[in-house]
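Going down the list, the protein sequences come from chains R and F. According to the working numbering, the first sequence is numbered sequentially starting from 78. According to the working numbering, the second sequence is numbered sequentially starting from 78. Below is one structure, written out as structure tokens, with a few remarks after it.
There are 2 protein chains.
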Amino acid sequence: MLKEKLSIIKIGGNIIEDETSLAAFLKLFSNLEGNKILVHGGGKRATSVASKLGITSKMIDGRRITDAETLEVITMVYGGLVNKNIVAKLQALQVDAIGLTGADINSIKSDKRPIKEIDFGYVGDVKEITSHSIDKLIKADFTPVFCAITHDGNGQLLNTNADTIASTIGVGMSKIYDTSIYYCFELNGVLQDFSDKESVIKNIDTETYQNLLKNGMISDGMIPKLDNCFDALQNGVQKVHIGNTAMFTKENNNFTTITL
Amino acid sequence: MLKEKLSIIKIGGNIIEDETSLAAFLKLFSNLEGNKILVHGGGKRATSVASKLGITSKMIDGRRITDAETLEVITMVYGGLVNKNIVAKLQALQVDAIGLTGADINSIKSDKRPIKEIDFGYVGDVKEITSHSIDKLIKADFTPVFCAITHDGNGQLLNTNADTIASTIGVGMSKIYDTSIYYCFELNGVLQDFSDKESVIKNIDTETYQNLLKNGMISDGMIPKLDNCFDALQNGVQKVHIGNTAMFTKENNNFTTITL
């Protein structure tokens, strides 16, 4: 039997921080046909609230060290402020949104990251998703909006990378749906030439990716993102798209599509 | 056809603020049989976060004036910090909880309170609940956990009294379920003699309430609460219970039950 389609869209700080960008994106999101799930981060906002509360954000290699009070800020900002405002705005656009952390309906369980050289604190590495529970919401015609928080099943919330949440949900839901993931970021897509913002590589598959890597065409920051995409594809996701939010406008095809 | 039972339990700041009380209550809640909904406030915690952020909480007659920045704090604390920690703790107790504001699944819509003598700011007076959407969650075996936030349907979140949320959900769900509301507060129940904490009036109906009022037996603070209870009963709720969380222990019957 042909599976129904499901789109998972991940947005980051650049969209969330800016009222106008967020409003424009949510309008595009509301017009997307079919089953959909939104995943959002919200890091910069958390940093600014933390700073107002006198908490210094400690970052190592771009990753936030999440001590107990930083976790409180993240729970407030991601789970409350950002998530619930997005939900309210989607409702105004006739999208029957429901805001979730991984604790809600036990949707995403993770393990607290083990302490090695660095103690990341209350950071979770995703372990499993409860696809059938998330699917109950979709079948009920609700649109799940996930923030970047999971739980360990023992009452502990954990700060979790939003990209990983999107790919894990994608993999989990691909048992039920023909699943595509859309990663929205600042650029138009994966670029051939980083100094030329228009030099988007429109299609990448396993073979072209290997060639691009061999020729040093992929920037260091992009490699883990693309590895993560191929990992999702190898585990059941149909397609991954990378670009800015213009990829949801019908006339635009200037973004990157990744397939196996 | 006989309706299934649904219990709506409202807890306030005295339980939420104290880790031990909250853990004990959540354990009792997890053991409650049948369909259930939890409603929580969280006012004191919001006041303390607001104060750390340099925002002075303005109260008039015990009601919070909710300006834009106070609404942000409330959204962070009620919708994020308090709600998501309760959800994670319930999951650890095998309750498949889902945390909600009134914006989620458009569950509770309200009108921004009109400005008369006092401008309460972003405070909502409840207008309607979407019973069939809340019921989809219950039928999916999820346990809704509502915080005291609603929305106006146009993208605006609104701070809303948690007691009112509990009674409105009670009334709305009474079309589908045989609905009881449990209001948890510090006292054992409605007291005959305020200086004797054990002098609980176990049963109040319309007639006894009129007599108690006539004889000046009900304290001023209790009258609006009881009026609210009778209002819910007149609009379809079967029973309202008032007491402390011990009312959920099987051996205890020292609390107040209100019926028409």
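Idealized CB from N, CA, C, for every residue including glycine. Just so it is clear, the structure is predicted and the values come from calculations on it, not from any experiment.
In the structure shown, F325 (chain F) adopts helical secondary structure according to DSSP, grouped into three states. Under the three-state reduction of DSSP, D188 (chain F) is assigned to strand. By the neighbour-count criterion, in which a residue is buried when 16 or more other Cβ atoms sit within 10 angstroms of its Cβ, K161 (chain R) is buried.
Across the structure, V277 (chain F) and T333 (chain F) are spaced so that their CA atoms are roughly 7 angstroms apart.
G139 (chain R) has its alpha-carbon roughly 31 angstroms from the corresponding atom of Q168 (chain F). Assigned with DSSP and collapsed to three states, E263 (chain F) falls in coil, not helix or strand. Around the Cβ of P221 (chain R), a 10 Å sphere holds 16 or more other Cβ atoms; the residue is buried. Residues of the segment 139 to 155 of chain F with a C-beta atom less than 9 angstroms from some C-beta of chain R are E149, V150, I151, T152, M153, V154 and Y155, listed in chain order. Counting every other CB atom within 10 Å of its CB across the protein chains shown gives L79 (chain R) a total below 16, marking it as exposed. It is roughly 10 angstroms from the alpha-carbon of S134 (chain R) to the alpha-carbon of V150 (chain R).
Listed in chain order, the alpha helix (DSSP H) runs fully inside the segment 113 to 179 of chain F are 120 to 129, 145 to 151 and 160 to 169, counting runs of at least 4 residues. Non-local beta-carbon contacts of T207 (chain F) in its own chain, meaning distances under 6 angstroms to residues more than five positions away in sequence, involve N183 and S184 in chain order. Under the three-state reduction of DSSP output, K302 (chain F) falls in the helix class. In this structure, DSSP gives E81 (chain R) a state outside helix and strand, which the three-state scheme calls coil.
Under the three-state reduction of DSSP output, I246 (chain R) falls in the helix class. At a C-beta separation below 8 angstroms, D173 (chain R) has these neighbours in chain F: I182, N183 and S210.
Inclusion of N321 (chain F) and N265 (chain F) in the CB contact set at 9 angstroms is warranted, their separation being smaller than that value. Taken through DSSP and simplified to helix, strand or coil, I226 (chain F) comes out as strand. The straight-line gap separating the alpha-carbon atoms of L337 (chain F) and S98 (chain F) is approximately 32 angstroms. Considering only F:Q315, F:A174, F:T152 and F:V126, the residue with the shortest C-alpha distance to S244 (chain F) is F:Q315.
What L234 (chain F) touches in chain R, judged by beta-carbon distance under 7 angstroms, is K161, N162 and A165, going in chain order.
CA-CA distance, S272 (chain F) to C261 (chain F), rounds to 19 angstroms.
Here DSSP, grouped into helix, strand and coil, assigns T334 (chain F) to strand.
Pairing I242 (chain R) with I163 (chain R), the inter-Cα distance amounts to about 18 angstroms. In terms of CA proximity to L214 (chain R), F:I175 leads the group F:Y199, F:I175 and F:I195. Bridge pairing for T256 (chain R): R:L83 [DSSP]. With respect to the 9 angstroms criterion, L170 (chain F) and S107 (chain F) are classified as neighbours on the basis of their beta carbons.
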